[in-house]
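**Q**
Numbering (my numbering), first residue to last: 2 to 265.
1. With H, G and I counted as helix, E and B as strand and the rest as coil, what does DSSP make of residue 18?
2. Nearest by alpha-carbon distance to residue 49: which of 169, 150 and 27 is it?
3. If you measure between the beta carbons of residue 215 and residue 254, is that distance less than 7 Å?
4. Classify residue 261 as helix, strand or coil using the three-state DSSP reduction.
5. Taking residue 54 as part of the alpha helix (DSSP H), name the residues at either end of that continuous run.
6. By Cβ distance, which residues of its chain are closer than 7 Å to residue 3, with the 5 residues on each side in sequence left out?
7. So the candidates are 17, 259, 238 and 16; which of them puts its Cα closest to the Cα of residue 149?
8. Tell me which residues share the same chain as residue 160 and place their Cβ nearer than 6 Å to its Cβ, disregarding the 5 neighbours each side in the sequence.
9. Using a threshold of 7 Å, state whether the C-beta atoms of residue 112 and residue 155 are closer than that.
10. Alpha helix (DSSP H) containing residue 1: first to last residue?
11. Between which two residues does the alpha helix (DSSP H) harbouring residue 123 extend?
12. Am I right that residue 136 and residue 68 are in contact with their C-beta atoms under 8 Å? What's the rounded C-beta distance?
13. What would DSSP say about residue 251, mapped onto helix, strand or coil?
14. Based on the DSSP output, what are the partners of residue 170 in its beta bridges?
15. Excluding sequence positions up to five away, which residues of its chain have a Cβ less than 8 Å from the Cβ of residue 71?
16. With C-beta atoms as the reference, is residue 1 less than 7 Å away from residue 74?
17. Less than 7 Å between the C-beta atoms of residue 249 and residue 243, yes or no?
18. Hey, residue 169 and residue 65: beta-carbon distance below 7 Å or not?
19. Going by beta carbon distance, what residues of the same chain come within less than 7 Å of residue 220, once the five residues before and after it are set aside?
20. Along the chain, where does the beta strand (DSSP E) that runs through residue 39 open and close?
21. Cα separation between residue 127 and residue 133?
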């Protein structure tokens, strides 16, 4: 999909914000004005970007935020983590260079996330926008879900991107699981959801599943509806306005991108 609003003006580019969500298949580009109005939305195969997308990426945007998936991820209690001891965790990552391990303090949970980006994906965007701010998907998701988590009970979260799904489980307000799985089909997702249920002795339907990165009309929503009393869509806290109805519906799955700026 390629959408450019009539009131997108090249001579105002320096005042606009460019938001990018990228994985190994698809790029999503959003241009916002100062009133949070969507002026441009483009989604395309990143192996063969359109001429319009290539031109958009060549413009001199000053405010650029890029949302990327993580390649490796571990969680450490913040009260025992020290930045000077980052080298202790290199064995948990595919890339053993300690300088490639990033950290995010998830203060609401009292934990520090250590993670890496896939280098070729990161370097691709750094080459185009060397001054851009980068945010991992999981950090935005974890911050978004806090208002959906009850003090008591079990809630499963699912964030869909690329051919992967991040599954995370909260029990009585405490995060007990956050893992990434390969999910090419809805059957794959079912397998991992049921495996989580089995490992945590969840019988029958869970009270609530939170879905991120997909729309209510998606096959992912339909499949998850089998396993929960209620499937709730994670909504972005930052609200955009858009004049086109089709674009508005397409943006429902970009809840992570919408709030990524606040995490940079």
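C-beta atoms are modelled at their ideal positions from N, C-alpha and C, and glycine is treated no differently. Just so you know, these numbers come straight off a predicted model, no measurement behind them.
**A** According to the structure data:
1. Here residue 18 sits in strand by DSSP.
2. Of the candidates 169, 150 and 27, the one whose C-alpha sits nearest the C-alpha of residue 49 is 27.
3. In this structure, residue 215 places its C-beta atom within 7 Å of the C-beta atom of residue 254.
4. The answer is coil: DSSP assigns residue 261 none of H, G, I, E or B.
5. Taken as a continuous stretch (DSSP letters only), the alpha helix (DSSP H) holding residue 54 covers 52-58.
6. Within the same chain, residue 3 has close Cβ partners 43, 51 and 53.
7. If we check each option's Cα against that of residue 149, 238 comes out closest.
8. 142, 167, 213 and 214.
9. No, these two residues do not count as a Cβ contact at 7 Å.
10. Nothing in the structure corresponds to residue 1, since the chain is present only between 2 and 265.
11. Start and end: 120-129.
12. Residue 136 to residue 68, Cβ: 5 Å. Contact.
13. DSSP places residue 251 in helix when its eight states are reduced to three.
14. Per DSSP, the beta-bridge partners of residue 170 are 157 and 178.
15. Excluding sequence neighbours, residue 71 sits near 116, 117, 118, 137, 138, 139 and 181.
16. Not covered by the structure: residue 1. The range shown for the chain is 2 to 265.
17. Contact: yes.
18. Note that the C-beta distance between residue 169 and residue 65 is not below 7 Å.
19. These residues qualify, in order along the chain: 187.
20. 39-46 is the span of the beta strand (DSSP E), which, as asked, contains residue 39.
21. Distance between the alpha carbons of residue 127 and residue 133 is about 7 Å.
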